[in-house]
Amino acid sequence: MEEIINVSGRAVPHIYPHLEIWGAPIALYLFFGGLAAGLLFFASFFYLKGKADTMPMTVKVAPIIAPIIIILGLMLLLYDLHHILYFWQLFLHFRIESPMSWGAWTLSVIMVPAILWPLSYLDDIIEYLKENKPNCKMTGLLSWANDLIAKLPLIPWVLEIFVKNRNLVAYFTIFLSIVLGVYTGILLSAFNARPLWNTAILGPLFLTSGVSTAAALLMWMSNNPKERTLYSKIDLMLIAIELFFIIHMFMGMLSSGVAQVEAAQLLLGGPFTVVFWVFIVGLGLVLPAILEIMELRGFHIPIAIPAFLILMGGLLFRFIMVYAGQASGFGIH
Amino acid sequence: MERSKTYMNSYLAGMLIGLFMIAAYYFSGEGLGASGALKSVVVATVDVVNHDYAKEASFFAARVQNEENSPAKSWLIFEVLGVIAGAIISAAFAGRLKMEIIKGPNITNKKRLIFALIGGLLFGVGSQLGRGCTSGMVMSGMGVLSLSGFIGLMAIFGGGYVLAYFFRKLWI
Chain V
-19 MEEIINVSGR AVPHIYPHLE IWGAPIALYL FFGGLAAGLL FFASFFYLKG
31 KADTMPMTVK VAPIIAPIII ILGLMLLLYD LHHILYFWQL FLHFRIESPM
81 SWGAWTLSVI MVPAILWPLS YLDDIIEYLK ENKPNCKMTG LLSWANDLIA
131 KLPLIPWVLE IFVKNRNLVA YFTIFLSIVL GVYTGILLSA FNARPLWNTA
181 ILGPLFLTSG VSTAAALLMW MSNNPKERTL YSKIDLMLIA IELFFIIHMF
231 MGMLSSGVAQ VEAAQLLLGG PFTVVFWVFI VGLGLVLPAI LEIMELRGFH
281 IPIAIPAFLI LMGGLLFRFI MVYAGQASGF GIH
Chain D
427 MERSKTYMNS YLAGMLIGLF MIAAYYFSGE GLGASGALKS VVVATVDVVN
477 HDYAKEASFF AARVQNEENS PAKSWLIFEV LGVIAGAIIS AAFAGRLKME
527 IIKGPNITNK KRLIFALIGG LLFGVGSQLG RGCTSGMVMS GMGVLSLSGF
577 IGLMAIFGGG YVLAYFFRKL WI
C-alpha cells in the first residue's frame, strides 16, 4: 500500500483558524493615534479660523497631550513588534501602496508640529494653568522646561521660524492629522484576508471616531461654556456620521460574499454582538448623544459623563474591531 | 434653566417597579436584581483569570461549567447597565444630575466614603449568604410569594432599624 503524506498549510499557530497576533497594545495604539489626530486637527483648524484667543484650551493647551500619547502609542507599537531592533528599517523605505509605510512616515512627520506646536505656546499654557488651575503641579515643571528651552542654543531659533510660519504649519498639520486618523483604520482594512477589516469604510469610520473622542476630551477639559457647547454640537454630528458609517459597513458586508456576511455575523448575532451593540453603540454613542441633546436643550448635564462615555466607546470600538477582525476569515466554520 | 426638583410620588414609583417586575419575568424569565449583576461580573472575571480554579471552587463552579454560556451574559448585567443609563437620563430630566457625595453634616467626605465601602462590603457578603439582595431576594422573591423574600424583607429593614441607632452620628 502506498502511503500518501498530506501536508496541510493550515497548521499555523496564531494564524489559523484565527489570527491571534494583535492584542491590547494595538487597540490602544489605534485609540491614541485617533485621539492625537483629532486634537491636532481641532488645534490647527480653530487656529486658522482665528480662534486662538477665544478657544485657548483647544488651540494652545490641549495639543500638549498629542505628542505624549503619540509617543505612548509608538512605545506600545514597538512593544508589540517581534523584531524590535529592526523597526528603523521602516524609515529606510517608502512604499506608496503600504498603509504601514504611510503610517510610519506620517507619525514621524506629524511629531514635528505635535512637539513644536505646544512648545511655541508654552508661555500661554503656563498662564492658562495659573489662571484656571492654581494648584496644578504641572505648572512648575512646564515653567522649568520653558526656562530651559530659552537657554538652549538652537531651539528658540527653530520656534521663531515655526511661529512665523504657523499658518502654513496649521494647513500642513490638518492634512497630516486626517492622514493619521484615516491610517488607523486603513492599517486594518489593508488585510485582505480578514473580511471584517477589508472594507474601505474603516478608514473614514476610524477617522470620525478618533475626531469624536478628541472632541469629547476637549469638551471635558474646556471650562468655557461656548467652547463646550460647540464641541457638544460637533460631537453630535460626528456620532451621527459614525452611526451612518457603521450601518453602511454592515450593509456593504451583508450584500457581499459569504466570508463578509459571516464576518458581519460576528457583530450581528455572534460572540461580539452584545459588546458591540450594548457598550459601543448603546453606551458609547446613543446615550452620550441623548445626554448632549438634553444639554443643548438646557438641562444640566455634568460634562464628564457624556465625555467619558464617548472616550470609553472609542476605546472599546478599537478593541472590538481588532479582536473581531482577527476572528473573521475565509472559510472559517 | 431651572427645572422642577420634585421627586416622583413614591407610591406611584413603587407601582411602576412592580410593573417592571412583571415585564422582567415575562421577557427574561427572571426577576429584577442588583447584586446578581456584580456577582456575574466577579464570576466572569475569575473565570477569565483562572478557569481551572473557577471550575473547582463551589461559589463559582455552577456558573462556569458550560463554556458556551459566559457568566457575563447574564441578563442582570444588562439590566443594571440599563438602570444606570436610565437613572442618568431621568436625573437629568429632573435637574438633579450632578457629582456629589451625600453625607451627614458632621463627617468628612473621606469618612463617608470609608463607611460606604465597609457597608457595601457587608451588604455584598450578606447578599451572597442570603442568595440575593433587596431587589433580587426581597422584591423578586416576594413577587413570586417566596417565603425567603418576606423573611429577607423583615431581616434587612428590621436589621437596619435596629443598627441605625449605633451609626446615627454619621447622619446627624
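These protein sequence lines map, in sequence, to chains V and D.
Mapping of the first sequence onto our numbering: position 173 corresponds to residue 153, and the numbering continues sequentially without gaps.
Mapping of the second sequence onto our numbering: position 113 corresponds to residue 539, and the numbering continues sequentially without gaps.
A virtual CB, placed ideally from N, CA and C, is assigned to each residue, including glycine.
Predicted, not measured: the structure shown is a model, and the values here were computed from it.
query, result
"Apply the 10 Å Cβ neighbour rule to Ser430/D and answer buried if 16 or more other Cβ atoms are within range, or exposed otherwise.", "Unreliable placement is indicated for Ser430/D, whose pLDDT of 48 sits below 50; the coordinate value is still reported in the next sentence. That one is exposed."
"Under the assumption that Gly556/D contacts Gly578/D (Cβ atoms under 8 Å), give the Cβ distance between them as a whole number of angstroms.", "6 Å"
"At a cut of 8 Å, does the segment 272 to 289 of chain V reach the segment 149 to 162 of chain V through at least three beta carbon pairs?", "no"
"Quick check on the burial criterion: 16 or more other C-beta atoms within 10 angstroms. Buried or exposed for Thr471/D?", "exposed"
"Taking only three categories from DSSP, how would you classify Ala517/D?", "helix"
"Quick one: give me the first and last residue of the alpha helix (DSSP H) that Glu140/V is part of.", "Ile135 to Lys144"
"So which residues of chain V does Leu523/D contact, with C-beta pairs closer than 7 Å?", "His280, Ile281 and Pro282"
"Can you check whether the CB of Val39/V is closer than 8 Å to the CB of Lys31/V?", "yes"
"Any beta carbon of chain V sitting closer than 8 Å to that of Phe519/D?", "yes"
"Mind checking Ala243/V: buried by the 16 CB within 10 Å criterion, or exposed?", "buried"
"Is Phe186/V buried or exposed, if buried means 16 or more other CB atoms sit within 10 Å of its CB?", "buried"
"Mark Asp103/V as exposed unless 16 or more other C-beta atoms lie within 10 angstroms of its C-beta, in which case mark it buried.", "exposed"
"With 16 other CB atoms within 10 Å as the buried threshold, where does Met563/D fall?", "buried"
"Determine the contact status of Phe256/V and Leu265/V, defining contact as a CB-CB distance below 8 Å.", "no"
"Please decide whether Asn274/V counts as near chain D, where near means a Cβ-Cβ distance under 8 Å.", "Note that residue 274/V is Met in the sequence shown here, rather than Asn. With 8 Å as the cut-off, Met274/V counts as an interface residue toward chain D."
"Just the chain D side, please: which residues come within less than 9 Å of Val254/V by C-beta, in chain order?", "Ala498, Lys499 and Phe504"
"Would you kindly check if the distance between the Cβ of Pro175/V and the Cβ of Tyr108/V is under 8 Å?", "no"
"Taking the alpha carbon of Asn637/D as the reference point, which residue from Ile503/D, Ala439/D, Arg594/D and Leu442/D has its own alpha carbon closest?", "Look at the range of chain D in this structure, 427 to 598, and you will see that residue 637/D is not part of it."
"Kindly say whether Ile515/D, judged by its beta-carbon, lies nearer than 8 Å to any beta-carbon of chain V.", "yes"
"Are the CB atoms of Phe74/V and Ser100/V within a distance shorter than 8 Å?", "no"
"Could you tell me if Leu19/V is buried or exposed, where buried requires 16 or more neighbouring beta carbons within 10 angstroms of its beta carbon?", "buried"
"Check the Cβ-Cβ distances between Leu271/V and every residue of chain D, and say whether any is below 8 Å.", "yes"
"With DSSP collapsed to three states, give me the class of Val467/D.", "helix"
"Determine the closest residue to Trp200/V out of Glu0/V, His63/V and Ile281/V, with distance taken between C-alpha atoms.", "Ile281/V"
"Closer than 8 Å by beta-carbon distance: list the chain D residues that pair up with Leu263/V, in chain order.", "Leu507 and Ala511"
"Could you check the C-alpha separation between Thr34/V and Leu458/D for me, to the nearest Å?", "50 Å"
"In three-state terms, what does DSSP make of Thr34/V?", "coil"
"Throw me the rounded Cβ distance for the Ala46/V and Ala16/V pair, which I believe falls under 8 Å.", "4 Å"
"Comparing alpha-carbon positions, which option in Leu548/D, Val469/D and Ala449/D lies nearest Ser484/D?", "Val469/D"
"What are the complete alpha helix (DSSP H) segments, minimum 4 residues, inside the segment 142 to 192 of chain V?", "146 to 169"
"I'd like the list of long-range same chain contacts for Cys116/V, defined as Cβ closer than 7 Å, with 5 residues on each side in sequence excluded.", "Leu109"
"Which residue comes first and which comes last in the alpha helix (DSSP H) that contains Ile95/V?", "Pro79 to Ser100"
"Taking Ile226/V and Ala195/V to be in contact with their CB atoms under 8 Å, please state how far apart those CB atoms are, rounded to whole angstroms.", "With a Cβ gap of about 18 Å, Ile226/V and Ala195/V do not count as contacting."
"Going by C-alpha distance, which of Ile1/V, Glu111/V and Ala130/V is nearest Val(-8)/V?", "Ile1/V"
"Considering only the alpha carbon of each residue, which of Pro136/V, Ser88/V, Ile106/V and Asn112/V lies closest to Trp124/V?", "Ile106/V"
"Please report how far the alpha carbon of Ile443/D lies from the alpha carbon of Leu464/D, in whole angstroms.", "20 Å"
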